[in-house]
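Trainee: Below are the C-alpha cells for one structure; questions will follow.
2 protein chains.
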Amino acid sequence: MSRSVDDHATHVRGLLSAALRPRREIVALVDALDRVTAGAVLSPVDLPLFRNSQMDGFAVAASDLSAVPVRLPVVGEVAARPGRPAALRAGTAVRIMTGAVVPEGADAVVPVEDTISERDSVTVNRTRAAGEYVRDRGSDVHAGEQLLPAGLRLASRHLAVLAAAGIGEIEVRSRVRVAVVTTGAELISPGRPAAMGEVYDANGIALEAAVRACGAEVGFVARNQDDDTESLRASMVAAARNADLVITSGGISMGDYEVVRELLQPLGGWVGSVAMQPGGPQATGEFDGVPVVSFPGNPVSTQISFEVFVAPLLREAAGLPAAMLRRLALTSDLRSVPGKRQFLRGRSLAGERVEIVSGPGSHLVAGLAASDVLIDVPAETTELKEGDLVETMTL
Amino acid sequence: MSRSVDDHATHVRGLLSAALRPRREIVALVDALDRVTAGAVLSPVDLPLFRNSQMDGFAVAASDLSAVPVRLPVVGEVAARPGRPAALRAGTAVRIMTGAVVPEGADAVVPVEDTISERDSVTVNRTRAAGEYVRDRGSDVHAGEQLLPAGLRLASRHLAVLAAAGIGEIEVRSRVRVAVVTTGAELISPGRPAAMGEVYDANGIALEAAVRACGAEVGFVARNQDDDTESLRASMVAAARNADLVITSGGISMGDYEVVRELLQPLGGWVGSVAMQPGGPQATGEFDGVPVVSFPGNPVSTQISFEVFVAPLLREAAGLPAAMLRRLALTSDLRSVPGKRQFLRGRSLAGERVEIVSGPGSHLVAGLAASDVLIDVPAETTELKEGDLVETMTL
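Next comes the structure, spelled out in C-alpha cells:
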C-alpha cells in the first residue's frame, strides 16, 4: 500500500522538525545579505544621531527671521565633520552644510538659494519656522525602538539601517547544513567519455545546487559507487557528522543492490512507496541521530522529490518565500495513471496557460531542464482536456 | 535646469553600455548556480546514453510474449553497472534492474510484478509490445540538440542536465565588477560610540549588498574621509583598476568640500541635478577609462538612486528579472512637490494597497528599511487621494 504524497510530506516534516529548528549565529554585516534575523533588532541609538541640517545654507534662530529681508553676520561655518560646533549667538548665522551638526541656539536652516551672501554677512529673504530644514535627533528612530523584526531576510536596505545605527554584526539563523550522498555503481563524473553502462552523475550537482537555492548550505558531498552497505555506512558516518540532515539518491527500490534500503531498514528506517510519479520509491530514516531523506536514483525523480518533500521546509527555515502556485490552463489533453499523483513538467505561457514539456519518464532530464513549472495532477484524475485548469508549482 | 529621471537613466545606460557588455568566463558546474549561460549549450551526447530499463523486471523479446502465460528460462542478470551485457537469445529472459543496459536482442522489459519467478525461469503473465519499459538511447535529447539556451540563469535542473550530458564546466557571462567608494569626513565604522558629528557609514554596506543582490560582484570598496581631492583620486585609481564601473556616494552637492564633484568636473564629468526626491544631486563621469556613477551622500538618496539608475542595468546584465512594478491603491492622501518625481517609501498590503512609511526625508534609513516598495509619484503630480492608484516598484 502506497502512502499519499501529503502523508509522506507530513512524515518528512516531522522527521526534520528538530533539524530545521532555528539555531543562531553572529555574522558581520558584510556577510549578512540574504540571511534571516534570529530575533528583533532594537536600535542602540537615536537616528539621526544628532540634530543636523537638511540643506546647504545658514543655521539661524527662526526668531531672528520675524521680519525679512534681514541681514545677519555670518560668524562661522559647520561642515559635516566630527566635532561639536560653538553655540550660535542670537542675531547671527553660521554657514552650514547638509548633514552638519546644527549648533545650539540655532533652530532652523535657511537654504542657500533663499539668501544673498556678502563677505561677512548673509541677507535672508524668507522667514522660516523653528525646525525647518532641521533633522531632529531621533526623528527617524529612537534608541530602544525596533529596527528590524525577527525572521526577516536581510536585503541591502536592512543592512543600511543596521550600519547607520552602529551595529557591525548581527545574530541570524544558522543555515541548515545538508549532506548529499548519491549512490549507484554506474555513476561517473563528467570529463571523460562514458563507457557502455556508465552514467554521468546528475543527482549530486542537482541536489547541491537545489539545497543552496533553498538558502541552506551543503555540509558534505559524496558519491558511493560501491554497491556495498559497509562502504555506504562509512559515507553516511561522515555525512551525519557534517550535516543537520542527509539526503541520498538511489538504492531504495525493490531491485537488488539497493544499498540505501539495506542500510536504513535494519536501523528502523521506512522504505516504501509513495503514490506519485515520478518518485514512487521513497525512504526515510535516521543515521547516527541525523535524519535521512532518501530519493530514488532517476535524476528527475530525485529532483522532483526534493521539490515536493524537502525544498518547502528548507525555504521556510531560510525565510524564503514558498514556491509560487498558479492555476494555469492546459494547452493539450492529458491522461494520467489512476491512483498516482503526477508531477508533469510544463512550460508556462504568459502566466495563463501551460504546455506539457517532454513525457512523464523519470529519466527525461532535458525535459525537466526545459520546464519552468511542475503540473500537479491529483491522484484521482485520469483525464484532463485542453483548457482545463491545473495547479502548477513554479520551479 | 534639472534633468528628468528618465533622461538621467538614459544617460547612465549609455555611459555603462560598454562596461555591461557581456564578457565570458568558464566555471565548474558546482560554481555555476545562478550564473547566466554565455551561449546556447548543445548536447555532446545522446541522452539516455544507452538503451536502458525503466523498471526492475525481465528483459525479453516482445515477440516471445505472443501467447501468455509463457515460461522463459532466465539466463542471466543485468544490473545498473558499467559494462555491455551479452546479447539475449530468443526464447530466454534476463533479470534486469532499473537503469541497466537492455541487452541486444531484447526489446521490452516485463515489470517484476507481472511475473512469477521460479528457480531458473520466469512466467510472464502479460504481453508487452516492443519498446515497453525501455528507454531508448537519445529519447530525451540527441547529440547536437540544444540543452540550454543562451542568456539562461542556471537553476539546479539546468545543472542537472549539463552533468547528465557529461559537461563539467560551462561558459557563463562574467559578473560585472563594481567598485564602491563612499566619501564623507563624518563617516565612521560601527564598533565604537559615535562622537558628536560622526556618522556611521551606511552607504558602503548598502551599496555592496545591493550590487551583490543584482548579480554583480564587488571588486573594490573604499571609504574616503579626507575631504581631499588628491586622496580621493588615489582611491579612484584603485577602484578603476579593479572594477568595470565605479559607484560613489557623497561629495556632489552645491556645498563646500564636495570632493567627488571637484574630482570629476575637471575630467569632463557631469555634476548636476535630477528632478527627483530623494536624490536630486547626481553626477557621472569617467575615471581612467572606467565609468563612474555618483550618488548623493544621504543614505536614502544613495539607495534609491542605485535602485532607479543602476540596479535595472545590473539585473539585466545578470539575467535577473526586473523589479516588479505594481499599481496599488494609496491608503492615505499625499502631497508632492511639483516638478520633482518623488520616490516615497511604502509598505504593500495584500498586494492591493500601499501605505506610506515614514516621511520623504532622505535621512530616514529606518523608514526605508521598513518599506517594501517605492511609490513612484510623477513630477507633475502634486496631490493624490486615498484610494488613488500609484505605480510602485518592489524593493
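These protein sequences, in sequence, are chains A and B. So for the first sequence, our numbering puts the first residue at 727; every next one is plus one. So for the second sequence, our numbering puts the first residue at 727; every next one is plus one. Note that beta-carbon positions come from the ideal geometry of N, C-alpha and C, so glycine has one too. The structure presented is a predicted model; accordingly, all values stated were derived computationally and were not measured.
Are the beta-carbon atoms of I1101/B and E897/B separated by less than 8 Å?
Mentor: As a working mapping, residue 1101/B is identified with position 375 in the second sequence. As a working mapping, residue 897/B is identified with position 171 in the second sequence. No, Cβ-Cβ distance for I1101/B and E897/B is not below 8 Å.
Trainee: Are the region 787-804 of chain A and the region 899-917 of chain A touching by the rule of at least three beta carbon pairs closer than 8 Å?
Mentor: These segments do not touch.
Trainee: Starting from the N-terminal side, write out each stretch of the beta strand (DSSP E) that is 3 residues or longer and does not extend beyond the region 793-845 of chain B.
Mentor: The qualifying runs are 796-804, 819-822, 834-837, 841-843.
Trainee: Could you check what DSSP says for P1038/B in three-state terms: helix, strand or coil?
Mentor: As a working mapping, residue 1038/B is identified with position 312 in the second sequence. In the structure shown, P1038/B sits in a helix (DSSP, three-state: H, G or I).
Trainee: Under 9 Å, CB to CB, which of the residues in the region 880-898 of chain B have a partner in chain A?
Mentor: Listed in sequence order: L880, A881, S882, R883, H884, L885, A886, V887, L888, A889, A890, A891, G892, I893, G894, E895.
Trainee: Say whether chain B places a C-beta atom closer than 8 Å to the C-beta of D954/A.
Mentor: In the first sequence, residue 954/A corresponds to position 228, counting from 1. No, no contact with chain B.
Trainee: Check the C-beta distance from I1143/B over to F784/B and give it rounded, since I have them as a contact under 8 Å.
Mentor: Residue 1143/B is absent from the structure shown; chain B starts at 727 and stops at 1121.
Trainee: Whole angstroms are fine: how far does the CA of R739/B sit from the CA of S769/A?
Mentor: For the purposes of this step, residue 769/A is identified with residue 43 of the first sequence, where counting begins at 1. For the purposes of this step, residue 739/B is identified with residue 13 of the second sequence, where counting begins at 1. One C-alpha to the other measures close to 38 Å.
Trainee: Check A744/A in the structure and name its three-state DSSP category.
Mentor: As a position in the first sequence, residue 744/A is number 18, starting the count at 1. Looking at A744/A - three-state DSSP - the assignment turns out to be coil, as it is neither helix nor strand.
Trainee: Out of G877/A, S882/A, N851/A, V887/A, state which residue places its alpha-carbon closest to the alpha-carbon of D866/A.
Mentor: Locating residue 866/A in the first sequence gives position 140, counting from the first residue. Nearest of G877/A, S882/A, N851/A, V887/A to D866/A, Cα basis: V887/A.
Trainee: For G994/A and G1011/A, which I take to be in contact (beta-carbon distance under 8 Å), what is that distance rounded to the nearest angstrom?
Mentor: Here residue 994/A refers to the residue found at position 268 when the first sequence is read from its first residue. Here residue 1011/A refers to the residue found at position 285 when the first sequence is read from its first residue. Indeed, because the Cβ distance is near 7 Å, the residues count as touching under 8 Å.
Trainee: Mind pulling the chain B residues with CB within less than 9 Å of Q1029/A?
Mentor: For the purposes of this step, residue 1029/A is taken as residue 303 along the first sequence, with counting starting at 1. Ordered by position in chain B, the residues that pass the 9 Å Cβ test against Q1029/A are S882, R883, A886.
Trainee: To test your reading of the DSSP string, which unbroken alpha helix (DSSP H) runs of 4 or more residues are found completely within the region 838-886 of chain A?
Mentor: Whole alpha helix (DSSP H) segments, 4+ residues: zero.
Trainee: Whose C-beta lies closer than 8 Å to the C-beta of R1053/A among residues of the same chain, with five residues either side of it excluded?
Mentor: Translated into the one-based positions of the first sequence, residue 1053/A becomes position 327. Within the same chain, R1053/A has close Cβ partners L1115, V1116, E1117, T1118.
Trainee: For the alpha helix (DSSP H) holding R1126/A, just list the boundary residues, first then last.
Mentor: Here chain A comprises residues numbered 727 to 1121, so residue 1126/A is not present and cannot be evaluated.
Trainee: Looking at the structure shown, is I931/A part of a helix, part of a strand, or coil, going by DSSP?
Mentor: Here residue 931/A is taken as the residue at index 205 of the first sequence, counted from 1. Helix.
Trainee: Is the separation between the beta-carbon of A787/B and that of D833/B shorter than 8 Å?
Mentor: Locating residue 787/B in the second sequence gives position 61, counting from the first residue. Locating residue 833/B in the second sequence gives position 107, counting from the first residue. Yes, the pair counts as a contact, with Cβ atoms nearer than the cut-off.
Trainee: Measure the CB-CB distance between G1005/A and I1030/A and report whether it falls below 8 Å.
Mentor: As a working note, residue 1005/A is residue 279 in the first sequence. As a working note, residue 1030/A is residue 304 in the first sequence. Yes, these two residues count as a Cβ contact at 8 Å.
Trainee: Go ahead and pull the three-state DSSP assignment for S725/A.
Mentor: Here chain A comprises residues numbered 727 to 1121, so residue 725/A is not present and cannot be evaluated.
Trainee: From M997/A to G765/A, what distance separates their C-alpha atoms?
Mentor: Your numbering for residue 997/A matches position 271 in the first sequence. Your numbering for residue 765/A matches position 39 in the first sequence. In the sequence on display, residue 997/A carries Val and not Met. V997/A and G765/A: Cα-Cα distance of roughly 39 Å.
Trainee: Identify the contact partners of R861/A in chain B, using a Cβ-Cβ distance below 8 Å as the criterion.
Mentor: Locating residue 861/A in the first sequence gives position 135, where the first residue counts as 1. Here the neighbours are G1087, H1089.
Trainee: Across the region 1054-1065 of chain A and the region 1101-1113 of chain A, are there enough close Cβ pairs to call them in contact, namely three or more that are closer than 8 Å?
Mentor: The region 1054-1065 of chain A is in contact with the region 1101-1113 of chain A.
Trainee: What does the alpha-carbon distance come out to for the pair D846/A and V804/A?
Mentor: Within the first sequence, the letter at position 120 stands for residue 846/A. Within the first sequence, the letter at position 78 stands for residue 804/A. Approximately 15 Å, taken between the alpha carbons.
Trainee: Shortest alpha-carbon distance to A855/B belongs to which of G1087/B, Q1003/B, V835/B, A964/B?
Mentor: What you label residue 855/B is simply residue 129 of the second sequence in a count that begins at 1. Comparing Cα-Cα distances from A855/B to each of G1087/B, Q1003/B, V835/B, A964/B, the minimum goes to V835/B.
Trainee: From what residue to what residue does the beta strand (DSSP E) around A905/A run?
Mentor: Taking the first residue of the first sequence as 1, we reach residue 905/A at position 179. A905/A -> beta strand (DSSP E) spans 903-909.
Trainee: Going by DSSP, name the residue or residues bridged to R899/B.
Mentor: On the second sequence, position 173 is the one that residue 899/B refers to. BP columns for R899/B point to R750/B.
Trainee: Taking L1040/A as the query, report the chain B residues whose CB atoms sit under 8 Å from its CB, ordered along the chain.
Mentor: As a first step, residue 1040/A is located in the first sequence; it is residue number 314 there, counting from the start. Here the premise fails: no neighbours, minimum Cβ distance about 12 Å.
Trainee: Quick check: what's the CA-CA separation for G817/B versus G831/B?
Mentor: As a position in the second sequence, residue 817/B is number 91, starting the count at 1. As a position in the second sequence, residue 831/B is number 105, starting the count at 1. Near 10 Å, if we compare the C-alpha coordinates of G831/B and G817/B.
Trainee: Quick one: Cα of L814/A to Cα of G1045/B, how far?
Mentor: Working through the first sequence from its first residue, we reach residue 814/A at position 88. Working through the second sequence from its first residue, we reach residue 1045/B at position 319. About 55 Å.
Trainee: How long is the line joining the alpha carbons of E1078/A and T1057/A, rounded to whole angstroms?
Mentor: Counting from 1 along the first sequence, the entry for residue 1078/A is found at position 352. Counting from 1 along the first sequence, the entry for residue 1057/A is found at position 331. Taking the straight line joining both Cα atoms gives about 10 Å.
Trainee: Quick check: is the beta carbon of Q991/A nearer than 8 Å to any beta carbon in chain B?
Mentor: If you number the first sequence from 1, residue 991/A lands on position 265. False, the Cβ-Cβ gap to chain B never drops below 8 Å.
Trainee: Starting from the beta carbon of S1062/A, find every residue of chain B whose beta carbon is closer than 8 Å, and list them in chain order.
Mentor: If you number the first sequence from 1, residue 1062/A lands on position 336. By Cβ distance, chain B contributes nothing, its closest Cβ being about 17 Å from S1062/A, past 8 Å.
Trainee: From A966/B to R901/B, what distance separates their C-alpha atoms?
Mentor: As a working mapping, residue 966/B is identified with position 240 in the second sequence. As a working mapping, residue 901/B is identified with position 175 in the second sequence. Roughly 16 Å between the two C-alpha positions.
Trainee: For the beta strand (DSSP E) that A1055/A lies in, which residues bound it at each end?
Mentor: In the first sequence, residue 1055/A corresponds to position 329, counting from 1. Start and end: 1051-1056.
Trainee: Using the beta-carbon of each residue, which ones in chain B are nearer than 7 Å to E934/A?
Mentor: By one-based count along the first sequence, residue 934/A stands at place 208. Near E934/A (Cβ distances below 7 Å), the residues of chain B are V756.
Trainee: Could you work out which residue in G976/B, P774/B, Y859/B, V796/B is closest to P1022/B when comparing CA atoms only?
Mentor: Numbered from 1 along the second sequence, position 296 holds the residue referred to as residue 1022/B. Ranking the options by Cα distance to P1022/B, first place goes to G976/B.
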